[in-house]
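> If you use this note's numbering, the sequence shown corresponds to residues 44 to 431, in order. A single structure is presented below for examination.
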Amino acid sequence: MPAPIYLDHNATTPLSPAVRDAMLRVAAEVVGNPASQHAAGRLARKHLEHARERIVELLGGQTTGMRADRFLFTSGGTEANHLALLGLAGTPPGKIVVSAIEHPSVLGAAEVLQQRGFKIVRWPVTSAGIVDLTLVEKLLTDDVRLVSVMLANNETGVIQPITELAAICREAIPKAIVHCDAVQGVGKIPVHFRSLNIDALTVTPHKFHGPVGIGGLLLREELPLVPQMLGGFQQGGLRPGTESVALAVGFQAALEEWDAEREARAGRMLGLGDAFETMILRGFPAAEVIGSSTLRLPQTSNIAFPGVDRQALLMALDLAGVACSTGSACASGSSEPSPVLLAMGLADALITSAIRFSWGAFTTAAEIVESANRILNESNRLRHGKSP
Numbered sequence: 044m045p046a047p048i049y050l051d052h053n054a055t056t057p058l059s060p061a062v063r064d065a066m067l068r069v070a071a072e073v074v075g076n077p078a079s080q081h082a083a084g085r086l087a088r089k090h091l092e093h094a095r096e097r098i099v100e101l102l103g104g105q106t107t108g109m110r111a112d113r114f115l116f117t118s119g120g121t122e123a124n125h126l127a128l129l130g131l132a133g134t135p136p137g138k139i140v141v142s143a144i145e146h147p148s149v150l151g152a153a154e155v156l157q158q159r160g161f162k163i164v165r166w167p168v169t170s171a172g173i174v175d176l177t178l179v180e181k182l183l184t185d186d187v188r189l190v191s192v193m194l195a196n197n198e199t200g201v202i203q204p205i206t207e208l209a210a211i212c213r214e215a216i217p218k219a220i221v222h223c224d225a226v227q228g229v230g231k232i233p234v235h236f237r238s239l240n241i242d243a244l245t246v247t248p249h250k251f252h253g254p255v256g257i258g259g260l261l262l263r264e265e266l267p268l269v270p271q272m273l274g275g276f277q278q279g280g281l282r283p284g285t286e287s288v289a290l291a292v293g294f295q296a297a298l299e300e301w302d303a304e305r306e307a308r309a310g311r312m313l314g315l316g317d318a319f320e321t322m323i324l325r326g327f328p329a330a331e332v333i334g335s336s337t338l339r340l341p342q343t344s345n346i347a348f349p350g351v352d353r354q355a356l357l358m359a360l361d362l363a364g365v366a367c368s369t370g371s372a373c374a375s376g377s378s379e380p381s382p383v384l385l386a387m388g389l390a391d392a393l394i395t396s397a398i399r400f401s402w403g404a405f406t407t408a409a410e411i412v413e414s415a416n417r418i419l420n421e422s423n424r425l426r427h428g429k430s431p
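Dropping the structure here:
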């Protein structure tokens, strides 16, 4: 079998050696529960709160003063999105606006709110995958309670104009809460919470070479939040449960590493992407890069191969040693067409043949070239109906 090449970093990323080392060091040093009052517990609490404060700083939040922002550790991005929507929706039931291309964890939480009597409105997107700002007056009415729009799409990599959108929301519906799922953006592009002018932001480090099993919700000041878990006083009772100090330190270390290398990483990943897409389009002229007309993440490429079945290509590439996907990892077991591509109104020939490729900080130029060759071999073979 050929050497494996991992091009599914939007699903999860390999753990950085530096992050791993930081986690191992604190795991060896810290044995106490951060909630315990003895010396071991106080040491654990010290590491935990230092990690929390640095994460907020690196995300562009405010850590001091009367208007300091809050950061709640969760088990991952999905829980953080659930906590944001279910915990910030308020009472009595009102109107919630979410974009049509949100991650399944946001759409799933919105469905729960709909069952509770909330009116859920999906904000349509253009064919480029951007929320349609011409619909602002129609959608952002006085009864809107919360707006949730992701920073960057997990399937296409298309970046949403969150700063502009937040400003529009502030003017049209100043009392509404603006939430942003930034899971796919943080660690790939600069993200500054205060500059975005939003109320809540979701993040998880396993998307940028940090640990799996931890995420967080960054909240503006004293934003009222209803906890979704009960039975503990940790994190002000807003998200009870014993915090993992090692995971929190790993979260911090992953953000620190990205912050130190941000310009070099972005330039390198963008260069890899340009080389990758150029090779694919040259070797399969009918291919189309989804969202290529607008701003995208530097390490995401969703490419349609008209005339080739996406599931057949996915399996062929797996056998050829290239790990990729047909959409969100949370829905990877589904054979249904991508809701994101459907929402963009793309032609069936594109939707049924689209594959997502995503690379990371440790992907090499040689892997990009080799993976493109394997992809071209398999896609052209399937298009012509040839046996492997």
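Backbone N, C-alpha and C fix where the C-beta goes; we use that ideal spot for every residue, glycine too.
Can you tell which of Pro341, Ala408, Val383 and Leu290 has its C-alpha closest to the C-alpha of Asp64?
Here the closest residue by C-alpha is Leu290.
> What three-state label does DSSP hand Asp361 in the structure shown?
Three-state result, Asp361: helix.
> Determine the direct distance from the alpha carbon of Ile205 to that of Leu313, and round the result to whole angstroms.
Whole-angstrom Cα-Cα distance: 21 Å.
> Leaving out five residues before and five after Arg88 in sequence, what residues of the same chain have Cβ atoms less than 7 Å from its Cβ?
The residues are Pro77.
> With burial defined as no fewer than 16 other Cβ atoms inside 10 Å of the residue's Cβ, what is the status of Asp164: buried or exposed?
Reading off the sequence, residue 164 comes out as Val, not Asp. Classification of Val164: buried, given that the 10 Å Cβ count is 16 or more.
> What whole-angstrom Cβ distance do Phe114 and Leu261 have, given they're in contact under 8 Å?
Their Cβ separation, rounded to whole angstroms, is 5 Å, which keeps Phe114 and Leu261 in contact under 8 Å.
> From which residue to which residue does the beta strand (DSSP E) around Cys223 run?
Residues Ile220 to Asp224.
> How many whole angstroms separate the CB atoms of Pro380 and Ile394, which I take to be in contact at a CB cut-off of 8 Å?
So it is a contact: roughly 5 Å between Cβ atoms.
> Start and end of the alpha helix (DSSP H) containing Ile394?
Per DSSP, Ile394 belongs to the alpha helix (DSSP H) from Asp391 to Ile394.
> So, with DSSP's three-state summary, where would you put Val412?
If DSSP states are grouped into helix, strand and coil, Val412 belongs with the helices.
> Indicate whether the contact test is met: 3 or more Cβ pairs, each with one atom in the region 130-147 and one in the region 156-172, closer than 8 Å.
Output reads yes: the region 156-172 touches the region 130-147.
> For Lys162, name the three-state secondary structure that DSSP assigns.
Three-state DSSP puts Lys162 in a strand.
> Beta-carbon separation of Gln227 and Leu189 under 8 Å?
Not in contact: Gln227 and Leu189 (Cβ atoms no closer than 8 Å).
> Looking at the secondary structure, which residues open and close the beta strand (DSSP E) in which Gly258 lies?
Taken as a continuous stretch (DSSP letters only), the beta strand (DSSP E) holding Gly258 covers Gly258 to Leu262.
> Would you mind giving the Cβ-Cβ distance between Gly253 and Gly293, rounded to the nearest angstrom? I have them listed as a contact below 8 Å.
Confirmed, Cβ separation roughly 6 Å.
> By how many angstroms is the C-alpha of Ile139 removed from the C-alpha of Ala215?
Those two C-alpha atoms are separated by around 15 Å.
> Where does Leu86 fall in DSSP's three states?
Three-state result, Leu86: helix.
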